[in-house]
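Residue numbers (the working numbering): 30 to 145.
Just so it is clear, CB atoms sit at the ideal spot from N, CA and C, and this is done for glycine as well.
Since the model is a prediction, treat every value here as computed from it, not as a measurement.
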Amino acid sequence: SFIPDDPYGLSKYEAEQGLKKLADETGLEVVIIRPPLVYGEGVKANFLSMIQWVEKGIPLPLGLIHNKRSLVYLGNLVDLIMNCCTHIKAPGNTFLVSDDLDVSTTEILKTIANSL
Numbered sequence: 030s031f032i033p034d035d036p037y038g039l040s041k042y043e044a045e046q047g048l049k050k051l052a053d054e055t056g057l058e059v060v061i062i063r064p065p066l067v068y069g070e071g072v073k074a075n076f077l078s079m080i081q082w083v084e085k086g087i088p089l090p091l092g093l094i095h096n097k098r099s100l101v102y103l104g105n106l107v108d109l110i111m112n113c114c115t116h117i118k119a120p121g122n123t124f125l126v127s128d129d130l131d132v133s134t135t136e137i138l139k140t141i142a143n144s145l
């Protein structure tokens, strides 16, 4: 099992381990969902920050960055959560959710700029 070494990743890992232990000790049904960057109506956090950067015209030195990152549409994430709440095989599992297409940060910012 991969154990992150950065504080943020480690805190998430420890929370998951705590939930699994609680499930084992109490019989509580636990499903772990690991979403990437979430986009869609009403999103906040990182995606909202990206929109605000573009709206303010803040120049970002991202032209040379060709990273790929996963995204998930808010509606798709909600669908997964609803399925996890009702599917008999969901408890005890970890789900890595994302849409089919990984895109670069530069592509995301260009798409945001073109839609404003």
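| Check | Outcome |
| --- | --- |
| Go to residue 106, then tell me how far its beta strand (DSSP E) extends in each direction, as first and last residue. | Per DSSP, residue 106 belongs to no beta strand (DSSP E); it is in the alpha helix (DSSP H), 103 to 115. |
| When you compare the CB positions of residue 84 and residue 61, do they come within less than 9 Å of one another, or not? | no |
| Residue 132 and residue 100: beta carbons closer than 9 Å? | yes |
| Report the rounded CA-to-CA distance for residue 127 versus residue 36, giving the unit in angstroms. | 23 Å |
| Any idea what DSSP makes of residue 87, helix, strand or coil? | coil |
| What separation, rounded to the nearest whole angstrom, lies between the Cα atoms of residue 122 and residue 40? | 19 Å |
| Smallest Cα separation from residue 14: which of 114, 80, 38 and 96? | Since the first residue shown for the chain is 30 and the last is 145, residue 14 is missing from the structure and cannot be characterised. |
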